[in-house]
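So in my numbering, spot 278 of the sequence shown is number 936, and the numbers just go up one at a time.
Have a look at the structure below, then the notes.
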Amino acid sequence: MCGIVGFIGNKNAKDIILNGLTRLEYRGYDSAGLSLFNNRYQIFDVYKDEGRVQKLIDSTKNAPFSNIGIGHTRWATHGRVNQENSHPHYSQTRRFIIVHNGVIENYQQLKDQYLSKSKFYSETDTEVIAQLIETFSQTLHVENAITTTLKLLHGSYALLVLDANDPEKIYAAKYKSPLVIGKSSEGITIASDLMALIGYSNTYHPLEDKTFVVARKDDVRVFNLDHLPIDVEFKPLELTDTDTTKGEFAHYMMKEIHEQPSVIRRIITNYFVPNQTFINPEIIQSIQGSDRVYILAAGTSMHAGLVGKQLLEKLAFIPVEVHIASEFAYQKPLLSKNPFFILITQSGETADLRACVVSINEMKYKSLTITNVPTSTLAREATYSLELFAGPEIAVASTKAYVAQVSVLAILAYELSSKSFDIKKELSIAALSIEHFLENQAMLYLTRNYLTKRNCFFIGRGLDYLVGLEAALKLKEISYIQTEGFAAGELKHGTIALIEDGTPVIALISDPTINGNTRSNLKEVQARGANTFRIVMESCKQEGDQVILEDVHPLLTPLVMVVPTQLIAYYAALERSYDIDKPRNLAKSVTVE
Ligand code: M6R
């Protein structure tokens, strides 16, 4: 959601910003804009409109060279999707130009209190920031005008500010929404995501909340909101272009599906030094010292959490509750006496989870974030964090992050258990099983012949039911087919009423002990006209089953069973010519509640 890129240095800022915005497209957006200094007229030109970054690339083709600029992709929250509401926004005299990611909750009150005489150009909450800075700059030094403004804002912001009276600086500030600074001999890049720094920065620093930055082309200073300098550490940027390109694949989603075996192997390598896991012993002690674990997450990560509950309960005998983050944040269940919280999040920036961690910290409970982005807000705000090592996940539809989340949860549960089997070996077997399936898959056939209706059902029992929930989310989010995942035994209690001639029902069967039960439920829907399809593990196979996967450890079946369902979603979207990597209405990183 909303991407920000700013550059000041020795190069053409336009190229760096447009490349950066293109790399951030995966976050989801509906408009794009850019501001560059016009040396001839000594003003900042603003180019912006609804639509894709490509439109912005075309409209700025002849923009004059500028070594300073800021750009933005907007995912609308306040105000319609149109040119006026696109960023950058400017103050009344156009002296201050800003881009903003986040939501200013008290913008109306600020408008009424300080800006009744200002002329507004848009319907956004963001514009208030530019107008306040201009108003305060009439009596204060610019930097004080910005920090005074920041102190008035309620909500969240990642912000870049330009001052037409001093085009040698970019000001930046952060609260709740992510912002990273990258440095190289060629200049300073500031962006909402490391991805935008690739190729332009050798080192980076993820900004802390309530920091204010003054960037010149060869110097960055970071302050707190009281304008006191803060020492910050820049780390080497290890991401490369191969992490962010599609390679031989037509879509990121397909690339990421194929990366899953290597993600599992990377997790094994990173989590096991010869005979020991790499998990901080304090995490283990904290969980062992708790009386209940609460897993909080959203979307696919929540589905991984449901599998995590089974792993922790079955391997470590620890009671676990799983909650949807947006519900938990404002509707807390009765907590146990000594809870421990696990937050699962690919991006580490999901606002619904952020609301949870804030209240967990207020209650002074311990928490662990399991995330793909170790520098993310949620990794920093929880007591502990564990990394997924999945590499950048760019397709909006999450695939390899799920597999990584389940793998890391399995290792965590194993560490808490009596360690009665070799988890490294079992995870390696799962990686191999996925690899063999991917070498032989023929899923296109399935989608052409089966998914011909407006709706579809995934059914399963036990862990397969949990995979069915994830499978349904994947199919609906990119193919727009109305899909639900159901506990196979529950169908007859209501949902079976929806089955009619040709309704696709996909059964997931990985557990020999309940194989017969799920097959009976399949018979029930077949008798009512359903068009059925079976994805099964070798030990459950029967004549006519369409997809047969090599057996893995009974608790690790979700790692493998999920893969054919990801491909079903992919091919269903491909068949319909939809934008697979950027499905409608969705953003990769959901930074608003
Ligand atoms: O970054 P997070 O894991 O916290 O994101 C949570 C959900 O927004 C995410 O899993 C979403 O459901 C995916 N688009 C599903 O494919």
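Backbone N, C-alpha and C define an ideal beta-carbon position, used for all residues, glycine too.
Fair warning: this is a prediction, and the values are worked out from it, not measured in the lab.
Contact fails between the segment 1143 to 1160 and the segment 1234 to 1250, because fewer than three Cβ pairs, one in each stretch, are under 8 Å apart. Per DSSP, Val711 is one residue of the alpha helix (DSSP H) stretching across 711 to 717. Less than 8 Å separates the beta-carbon of Ile1000 from that of Ile1028. A contact is defined here as three or more CB-CB pairs under 8 Å, and the segment 742 to 758 meets this definition with respect to the segment 791 to 799. Between Ile1136 and Ile1238, the beta carbon gap of about 6 Å places them in contact (Cβ cut-off 8 Å).
Distance from the CA of Thr861 to the CA of Asn1098, rounded to the nearest whole angstrom, comes to 42 Å. Asp867 and Gln712 have their C-alpha atoms roughly 32 Å apart. Counting along the chain, Gln789 sits inside the alpha helix (DSSP H) bounded by residues 785 to 795. Here the alpha carbon of Gly678 sits roughly 15 Å from the alpha carbon of Pro836. Here Leu1104 is not near Gln1224, since their CB atoms are 8 Å or more apart. Taking a contact as a CB-CB distance under 8 Å, the pair Asn1175 and Gly1143 does not count as one, their CB atoms being some 17 Å apart.
Taking 8 Å as the cut-off, the Cβ atoms of Arg879 and Pro887 count as close. For Glu1073, the enclosing alpha helix (DSSP H) covers residues 1058 to 1073.
Taking a contact to require three or more Cβ pairs closer than 8 Å, the segment 1052 to 1065 and the segment 900 to 915 qualify as touching.
A distance criterion of 7 Å places the beta-carbon of Gln771 beyond contact range of ligand 1, judged by its closest non-hydrogen atom. Counting of Cβ neighbours within 10 angstroms places His885 among the exposed residues, the total staying below 16. The closest heavy atom of ligand 1 lies 7 Å or more from the beta carbon of Gln1224.
Per DSSP, the unbroken beta strand (DSSP E) holding Glu708 starts and ends at 701 to 708. Contact annotation: the segment 1112 to 1121 does not touch the segment 1028 to 1046, with fewer than three C-beta pairs closer than 8 Å. For Thr1003, there is no enclosing alpha helix (DSSP H); the residue is part of the beta strand (DSSP E) that begins and ends at 997 to 1003. Here Asn928 carries a helix assignment [DSSP, helix/strand/coil].
Sequence-distant Cβ neighbours of Thr806 in its own chain, meaning closer than 7 Å and more than five residues away, are Phe794, Leu798. Straight across, the Cα-Cα distance linking Met1195 with Gly1120 is about 14 Å. Taking Leu865 as the centre and dropping the five residues before and after it, the same chain places the C-beta of Lys832, Leu837 closer than 6 Å to its C-beta, in chain order. The Cβ atoms of Ser693 and Gly727 lie closer than 8 Å to each other. Note on geometry: alpha-carbon atoms of Gly957 and Ser1078 lie some 32 Å from one another. Per DSSP, Lys841 is one residue of the beta strand (DSSP E) stretching across 838 to 842. Counting only the Cα atoms, Val1031 lies some 14 Å from Val921. Thr782 and His961 have their C-alpha atoms roughly 35 Å apart. When the beta-carbon positions are compared, Leu964 and Val980 come within less than 8 Å of each other. DSSP places Asp1010 in the uninterrupted alpha helix (DSSP H) bounded by 1009 to 1020. For Gln989, no beta strand (DSSP E) run applies, since DSSP gives it neither H nor E.
In this structure, Gly845 has its beta carbon at no less than 7 Å from each heavy atom of ligand 1. In this structure, the C-beta of Lys868 stays at least 7 Å away from each heavy atom of ligand 1.
Distance between Ala1062 and Gly737, taken at the CA atoms: about 37 Å. The DSSP-derived three-state label of Val951 is strand.
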